[in-house]
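Novice: According to the UniProt record's numbering, the sequence shown holds residues 1 to 79 in order.
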Amino acid sequence: MMLPIIEFCISNLASGSYKAMEMLEKDPNLDIMEYSCLSYCTRCAETLFALVNGEFVSGETPEQLVENIYRHLEENPMF
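Structure (structure tokens):
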């Protein structure tokens, strides 16, 4: 079974999305990845974000980012 892939940029983790990643890592149904750069530098400087199955998802706070990621997964099922 393929799991949804949630990708984080190390720079964005340092900006505050690390807490969101920690929350998501507790979910065994997600595949969490870290990269040195995801090439969203302008957006990375402005907001917390992650790529969810390759699509940009953002949030004002780590909690909102997690909420938006789960909402995105519900609205965009993999199968």
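The beta-carbon is built from N, C-alpha and C at its ideal position, and this holds for glycine as well.
Let me confirm a value: Pro4 is counted as buried when at least 16 other C-beta atoms fall within 10 Å, else exposed. Which label applies?
Specialist: Looking up residue 4 in the sequence shown gives position 4. Label assigned to Pro4: buried.
Novice: Taking Tyr40 and Phe56 to be in contact with their CB atoms under 8 Å, please state how far apart those CB atoms are, rounded to whole angstroms.
Specialist: Within the sequence shown, numbered from 1, the residue matching residue 40 stands at position 40. Within the sequence shown, numbered from 1, the residue matching residue 56 stands at position 56. Going by Cβ atoms, the distance from Tyr40 to Phe56 rounds to 7 Å, so yes, they are a contact pair.
Novice: Assuming Glu17 and Leu65 are in contact, meaning their beta carbons sit under 8 Å apart, how far apart are those beta carbons, in whole angstroms?
Specialist: Counting from one through the sequence shown, the residue named residue 17 turns up at place 17. Counting from one through the sequence shown, the residue named residue 65 turns up at place 65. Reading off the sequence, residue 17 comes out as Ser, not Glu. About 6 Å separates the two Cβ atoms, so the contact holds.
Novice: Quick check on the DSSP output: the alpha helix (DSSP H) that includes Met33 runs from which residue to which?
Specialist: Residue mapping note: residue 33 aligns to position 33 of the sequence shown, counting from 1. No alpha helix (DSSP H) holds Met33; the beta strand (DSSP E) holding it covers Asp31 to Tyr35.
Novice: Can you give me the start and stop residues for the beta strand (DSSP E) that Ala50 sits inside?
Specialist: Here residue 50 refers to the residue found at position 50 of the sequence shown. Element bounds for Ala50: Leu48 to Val52.
Novice: Among His72, Glu74 and Thr47, whose alpha-carbon lies nearest the alpha-carbon of Thr61?
Specialist: Within the sequence shown, residue 61 is the residue found at index 61, counting from 1. Closest by alpha carbon: Thr47.
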